[in-house]
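A.B. asks:
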Amino acid sequence: MVQMKVTKDKMTNLIQAEQMIKRLADQGADMVSLPESFNCPYTGRSFQANSEMIPDGLTTKTLSRIAKENEVYLIGGSYPEKVIGQKKVYNTCVSFDRKGEVIGKYRKMHLFDVDIPGKYTFKESDRILGGNELCIIDTEFCKIGIAICYDVRFAELGQMYAERGCDMIVYPGTFTIFTGPSHWDLVLKGRAMETECYVAAISPARNEQSKFVCYAHSSVVSPWGDIVKQMDEKPGTSICEIDLNYVQEVRSKLPVLKHRRNDVYKIIKLNNSNKK
Numbered sequence: 001m002v003q004m005k006v007t008k009d010k011m012t013n014l015i016q017a018e019q020m021i022k023r024l025a026d027q028g029a030d031m032v033s034l035p036e037s038f039n040c041p042y043t044g045r046s047f048q049a050n051s052e053m054i055p056d057g058l059t060t061k062t063l064s065r066i067a068k069e070n071e072v073y074l075i076g077g078s079y080p081e082k083v084i085g086q087k088k089v090y091n092t093c094v095s096f097d098r099k100g101e102v103i104g105k106y107r108k109m110h111l112f113d114v115d116i117p118g119k120y121t122f123k124e125s126d127r128i129l130g131g132n133e134l135c136i137i138d139t140e141f142c143k144i145g146i147a148i149c150y151d152v153r154f155a156e157l158g159q160m161y162a163e164r165g166c167d168m169i170v171y172p173g174t175f176t177i178f179t180g181p182s183h184w185d186l187v188l189k190g191r192a193m194e195t196e197c198y199v200a201a202i203s204p205a206r207n208e209q210s211k212f213v214c215y216a217h218s219s220v221v222s223p224w225g226d227i228v229k230q231m232d233e234k235p236g237t238s239i240c241e242i243d244l245n246y247v248q249e250v251r252s253k254l255p256v257l258k259h260r261r262n263d264v265y266k267i268i269k270l271n272n273s274n275k276k
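Counting from 1, one number per residue, gives the positions in the sequence shown under the UniProt record's numbering.
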């Protein structure tokens with residue numbers, strides 16, 4: 001997990017990300033994830049000012065090179081994706097294999113429009129478009145579902161990934177300092193227990209001077225709902241070794257995926273679930 005302090009300068013952020021990814025690769029990491037909005041501050045104006053075409057933009061090309069040079073799977077957090085003919089951007093996560101090839105692109109589905117009276121107001125939909133496709137990356141270890149931040153509050157999305165054979169779901173995410181203390185651990189545990197998957201959520205480090213102050217506390221939760229690794233609010237990296245056999249052990253002991261009443265309710269099947 002890369003929990004980095006995001007600055008206003010894109011190049012500084014890319015250099016910082018590369019250094020932290022290399023540190024983890026040197027320590028033996030097979031897969032590395034960056035946080036949501038890692039290449040620019042989490043503000044509407046920054047999204048548009050730093051948006052890029054994918055896969056031809058600087059950030060995607062840089063991450064591809066880093067993944068190849070370090071021979072790691074790289075989940076590229078998220079960064080703003082420019083779309084021709086659109087004033088708004090997508091909040092997009094691009095994933096790479098060990099050769100630096102793009103193996104998945106996910107656009108954040110659920111947009112964070114919130115008003116906490118007297119504390120915080122933010123409306124992503126003013127500047128961001130919502131995606132409508134799942135993204136599953138296939139590795140030699142397991143299938144991994146990708147989602148972003150606010151998506152974690154919607155159980156149906158995680159259930160769709162579990163039904164499609166995922167053993168892990170990764171959420172690059174930036175919860176606020178107002179919601180994080182009460183909700184972060186709770187929703188991560190909920191998604192892990194419902195899907196009986198490992199759940200990883202990777203946040204930027206907290207920056208008290210930022211317009212958007214995040215909770216941080218990047219975490220990995222087991223399919224039983226236990227927090228197996230959690231960082232604090234400061235910048236840093238952390239490695240978590242997971243046992244994928246434990247996923248099947250939990251599912252055999254408590255087969256909730258088999259006990260769903262699909263004759264009464266259904267999880268909608270989306271087409272083109274891994275379109276790049």
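Heads up, the beta-carbon is just placed ideally off N, CA and C, and yes, glycines get one too.
None of these values were measured; they are calculated from a predicted model.
Starting from the C-beta of Thr59, find all residues in its chain whose C-beta is less than 8 angstroms away, skip the five residues before and the five after it, and write them out in chain order.
C.D. replies: Lys10, Leu14, Asn39, Glu52, Gly76, Tyr79
A.B. asks: Starting from Ile137, trace the beta strand (DSSP E) both ways and give me its first and last residue.
C.D. replies: 136–138
A.B. asks: Quick check: the Cα distance between Leu244 and Glu140, rounded to an integer number of angstroms?
C.D. replies: Their Cα atoms are separated by approximately 12 angstroms.
A.B. asks: Kindly indicate which three-state DSSP category Lys108 falls into: helix, strand or coil?
C.D. replies: coil
A.B. asks: Would you list the one or two residues that DSSP bridges to Leu74?
C.D. replies: Val32, Phe96
A.B. asks: Quick test of your reading: Gly104 and Ser64, contact by CB under 8 angstroms. State the CB separation rounded to the nearest angstrom.
C.D. replies: That belief does not hold up - the Cβ atoms of Gly104 and Ser64 are roughly 13 angstroms apart, past 8 angstroms.
A.B. asks: Ala49 by DSSP, collapsed to three states: which one?
C.D. replies: helix
A.B. asks: What do you get for Asn262, buried or exposed, if any count of 16 or more other CB atoms within 10 angstroms of its CB means buried?
C.D. replies: exposed
A.B. asks: When you compare the CB of Ala205 with every CB in chain B, is at least one pair closer than 8 angstroms?
C.D. replies: In the displayed structure, chain B is absent; only one protein chain is listed.
A.B. asks: Would you mind giving the Cβ-Cβ distance between Met20 and Thr237, rounded to the nearest angstrom? I have them listed as a contact below 8 angstroms.
C.D. replies: 5 angstroms
A.B. asks: Look at the alpha carbon of Asn272 and the alpha carbon of Lys253, and state the distance between them as a whole number of angstroms.
C.D. replies: Low local confidence applies: a pLDDT of 49 at Asn272 is under 50, so the model's placement there is unreliable, and no value is given.
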